[in-house]
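Structure, as structure tokens:
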Amino acid sequence: MLIKTVLILLGSGLLLNCIFLLFISSFNLGKILSFILALVLLFYGIFFDQINGFMSHGVLLWLRYIIYLCFCFMLVIICFLGIYGQHDNVTYQEDAVIVLGAGLRGDQVSLTLAQRLDAAIAYHEKNPRSVIVVSGGQGANELIPEAKAMAKYLEDHNIPRELILEESDSSSTKENFIFSDRLIRETLDDKYTLAYITNGFHIYRAGLIAESAGLKTTHFHGALTWYMFPSCYLREFLAVCYQWFL
-7 MLIKTVLILL
3 GSGLLLNCIF
13 LLFISSFNLG
23 KILSFILALV
33 LLFYGIFFDQ
43 INGFMSHGVL
53 LWLRYIIYLC
63 FCFMLVIICF
73 LGIYGQHDNV
83 TYQEDAVIVL
93 GAGLRGDQVS
103 LTLAQRLDAA
113 IAYHEKNPRS
123 VIVVSGGQGA
133 NELIPEAKAM
143 AKYLEDHNIP
153 RELILEESDS
163 SSTKENFIFS
173 DRLIRETLDD
183 KYTLAYITNG
193 FHIYRAGLIA
203 ESAGLKTTHF
213 HGALTWYMFP
223 SCYLREFLAV
233 CYQWFL
């Protein structure tokens, strides 16, 4: 059966993706979610006929339909996040941009974070007068604050040091915005225009958080390597649901 084959192929591909990511990036919730989904898809694919036969009557049938609806809901939200995150609205006239942190591997920026910083470099080429705030504190498995590693990355790519501000106290996206806003006000003035930079999957939720922090912003997205899609979007789906409902 086609559906059974598709489920097994999806589960196998997702499982291989999880194993691959363990060797090139740090362990996080997104990888756990990808691993769980891979096992669920594989199990359902292998025992497709038995499961459908067991869940074919009464309450179990309704439970099966609810699971299908939840899965479709997840896919719709992930598609929304992907499409929304590709549409930038920066004017290239902003006085400051905040690059949101995304974790280190030791003292080196992660692949996801490097792509955010590459977007900041691309933005700087079109607006070289803007201040760039690199925002991120030091996590439990990080050797230095994220902001310090981010600043070094930008300097290594010819961004003038005097344009870089380091915000190294934050431990969440909301703190990224609040602490960076405080730092910008100390450096510029209260009437400044602001953009934030993050990966496309994170653009929507970061905008909600910026708004909740009282900031009016534009946004510019960084790329995301294809094999990071499953873990990043699954984690972001849960984070957006938390933001909406809790």
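Each step along the sequence shown adds one to the number in my numbering, with nothing skipped, and position 103 is 95.
In this text, a Cβ means the ideal position worked out from N, Cα and C, and glycines have one as well.
Computed from a predicted model, the values in this text were never measured in an experiment.
Report task. List in chain order: all unbroken alpha helix (DSSP H) runs of 4+ residues lying wholly within the stretch 25 to 89. Result -> Contiguous alpha helix (DSSP H) elements confined to the stretch 25 to 89 occur at 40 to 46 and 50 to 76, taking only those with 4 or more residues.
Query raised in the report: Counting Cβ pairs, one atom from each stretch, are 3 or more of them under 8 angstroms apart for the stretch 94 to 111 and the stretch 190 to 201?
Result: Verdict: yes, contact present.
Report task. Determine, using beta-carbon pairs with one atom in the stretch 180 to 189 and one in the stretch 134 to 146, whether at least three such pairs fall under 8 angstroms. Result -> Result no; under three Cβ-Cβ pairs closer than 8 angstroms.
Query - Supposed close pair E159, V123 - CB separation, criterion 8 angstroms - result: Here the question's residue 159 lines up with position 167 in the sequence shown. Here the question's residue 123 lines up with position 131 in the sequence shown. Contact doesn't hold; Cβ gap of about 12 angstroms is too wide.
**Report entry** S4 - containing beta strand (DSSP E), residue span
**Finding:** Mapped onto the sequence shown, residue 4 falls at position 12. No beta strand (DSSP E) contains S4, which is instead part of the alpha helix (DSSP H) from L(-6) to I16.
Query raised in the report: Going by Cα to Cα distance, which pick from G128, Y84, I136 and G93 is closest to K118?
Result: Numbered from 1 along the sequence shown, position 126 holds the residue referred to as residue 118. Residue nearest to K118 within the set G128, Y84, I136 and G93 is Y84 (criterion: CA-CA distance).
Requested in this report: In the DSSP assignment, find the unbroken beta strand (DSSP E) run with Y184 in it and report its ends.
Outcome: Locating residue 184 in the sequence shown gives position 192, counting from the first residue. First-last for Y184: undefined, no H or E at that position.
Requested in this report: Could you say if the stretch 85 to 94 and the stretch 6 to 24 meet the contact criterion of at least three C-beta pairs nearer than 8 angstroms?
Outcome: Result no; under three Cβ-Cβ pairs closer than 8 angstroms.
Requested in this report: Using DSSP bridges, identify the partner residues of L92.
Outcome: Within the sequence shown, residue 92 is the residue found at index 100, counting from 1. When beta bridges are read from the DSSP output, L92 appears opposite S127.
Query raised in the report: Can you round the beta-carbon distance between S162 and S102 to whole angstroms, since I take them to be within the 8 angstroms contact cut?
Result: For the purposes of this step, residue 162 is taken as residue 170 along the sequence shown, with counting starting at 1. For the purposes of this step, residue 102 is taken as residue 110 along the sequence shown, with counting starting at 1. 16 angstroms between Cβ atoms; not a contact.
Query raised in the report: Alpha carbon to alpha carbon, how far is A187 from A205?
Result: Along the sequence shown, one-based indexing puts residue 187 at 195. Along the sequence shown, one-based indexing puts residue 205 at 213. So the alpha carbons of these two residues sit roughly 14 angstroms apart.
Query - Backbone CA spacing between I11 and Y219 [nearest angstrom] - result: The sequence position of residue 11 within the sequence shown is 19, counting from 1. The sequence position of residue 219 within the sequence shown is 227, counting from 1. Each residue's alpha carbon lies about 11 angstroms from the other.
Query raised in the report: Where does I195 sit, in a helix, a strand or coil, going by DSSP?
Result: Your numbering for residue 195 matches position 203 in the sequence shown. Helix.
Query - Under 7 angstroms between C-beta atoms of G128 and G93 - result: What you label residue 128 is simply residue 136 of the sequence shown in a count that begins at 1. What you label residue 93 is simply residue 101 of the sequence shown in a count that begins at 1. Cβ atoms of G128 and G93: closer than 7 angstroms.
Query raised in the report: Is the Cβ-Cβ distance between G240 and L(-1) less than 7 angstroms?
Result: For the chain, the structure presents residues -7 to 238; residue 240 sits outside this window and is missing.
Query raised in the report: Under the three-state reduction of DSSP, which class applies to L207: helix, strand or coil?
Result: The residue labelled residue 207 in the question sits at position 215 within the sequence shown. Coil at L207, not helix or strand.
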